[in-house]
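In my numbering, the protein residues as written are 1 to 396.
Quick reminder that beta carbons are idealized off the backbone N, C-alpha and C, glycines included.
None of these values were measured; they are calculated from a predicted model.
Contents: one structure, followed by commentary.
Below is the structure:
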């Protein structure tokens, strides 16, 4: 049985402008005749099983090309520099392939360029300063995803100050798993229209710059899995559009600011695996629309107050591996949407409240490694969705 190839005959359609074959099972390489259709403006081959290299003459052969979307295939080899001779380019998406070599930085003539996705290949950027400087020519750039690319620089800081000069239209910047070192430059605050900024899983050090508060429209910020130091800055409280904040697995210290309660838009807050301490601010329990809250693996002290019952929309609550010392408040039964609750490895005492049996959405419950006493309440038998229970290492 032969390969399911793209028919060569498509290349005979000399007036073809728009071609999409996304989400099929095509194999083999792109027919060379297809890449010689000079009228083609839109080529979408997303999510197939295509492979081989992109011919180096593509940019000359497709001078009118505006959209090139090859995401989710098995293409190999270098990204041809010549692609960027197609001066009307608006979108290039090469995510999730097996391209190698360096990412071209010939952006000077791309006046209409808006979307560039090259993440999750085997690519490198050898000079980050030159690359980001070149991108400043793309005044309408909206989405830039370089995740998984090895970004290098001959200078100490890989993220150049010029990143703040990239298009004021930029909405999404993805730099996850790029092996980036150095600090976050204060110029990041210049990107005032950005909605999503993700730089997870790098080696970023130093403090979080206060200028980040200038990102008034930011909805998701992911700085997790780095080496960030300093405190949970109060400037976060001024970011009224921020819905998701990920700071897990860094080296942040100090306490959480009382202004945390002002973050009315926050629905996901992950600050686990840092060195945060002191009491959790009472204002934390007034963030009533939060869905997921993870403060695990820190050194928080104090008690669980009755106000924990205010978090009526919450789905995930992880306060494990801290130094919280109190009983479990009976008001916890107000968390009717909660699916995952972990209070493990604290200093909780007293009995397990029977009101836990009213938390009808619970799927996972971990109260292990505390000092809980008495008996396991029979009311838990009412929890029809409960799959995981861990009460080990208590005094039950």
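Status (buried if at least 16 other CB within 10 Å, exposed otherwise) for residue i
i	result
residue 114	buried
residue 321	buried
residue 246	buried
residue 404	What the structure shows of the chain is the stretch from 1 to 396, and residue 404 is not part of that stretch, so it cannot be assessed.
residue 128	buried
residue 92	buried
residue 75	buried
residue 118	buried
residue 388	exposed
residue 374	exposed
residue 8	exposed
residue 384	exposed
residue 121	buried
residue 12	exposed
residue 299	exposed
residue 5	exposed
residue 250	buried
residue 243	buried
residue 112	exposed
residue 73	buried
residue 288	exposed
residue 273	buried
Check whether residue i and residue j have beta carbons under 9 Å apart
i	j	result
residue 291	residue 271	no
residue 71	residue 94	yes
residue 380	residue 363	no
residue 175	residue 153	no
residue 377	residue 352	yes
residue 253	residue 219	no
residue 277	residue 255	yes
residue 326	residue 303	yes
residue 215	residue 182	no
residue 317	residue 348	no
residue 37	residue 52	no
residue 186	residue 148	no
residue 166	residue 135	yes
residue 23	residue 46	yes
residue 394	residue 372	yes
residue 227	residue 213	no
residue 335	residue 341	yes
residue 40	residue 65	yes
residue 193	residue 173	no
residue 200	residue 179	no
residue 184	residue 159	yes
residue 48	residue 16	no
residue 346	residue 365	no
Residue i - DSSP class collapsed to helix/strand/coil
i	result
residue 279	strand
residue 7	coil
residue 351	strand
residue 381	helix
residue 36	helix
residue 12	helix
residue 51	strand
residue 192	coil
residue 308	helix
residue 446	Residue 446 lies beyond the stretch modelled for the chain, which goes from 1 to 396, so this question has no answer here.
residue 230	coil
residue 236	helix
residue 43	strand
residue 204	strand
residue 302	coil
residue 337	coil
residue 387	coil
residue 284	helix
residue 27	strand
residue 356	helix
residue 151	strand
residue 253	strand
residue 1	Confidence is the limiting factor: at residue 1 the pLDDT is only 46, short of 50, which leaves the residue's position unreliable and the question unanswerable from this model.
residue 271	coil
residue 435	The chain is shown only over 1 to 396; residue 435 falls outside these bounds and no answer can be derived.
residue 187	helix
residue 210	helix
Near the ligand GDP: residue i beta-carbon under 8 Å from a heavy atom
i	result
residue 11	As presented, the structure is devoid of all ligands, the ligand GDP included, so that no description of it is given.
Subject >> Inter-stretch contact (C-beta, 8 Å, three-pair minimum) for the stretch 281–298 and the stretch 218–238 >> reply: Counting Cβ pairs under 8 Å, fewer than three are found: no touch.
**OP:** Could I get the ranges of all uninterrupted alpha helix (DSSP H) runs contained in the stretch 58–137, with 4 residues as the minimum, in chain order?
**Re:** Here the runs fully enclosed are 58–61, 128–135.
**OP:** Taking 8 Å as the threshold, find out whether the stretch 52–66 comes into contact with the stretch 77–92 through three or more Cβ pairs.
**Re:** Touching, per the Cβ criterion.
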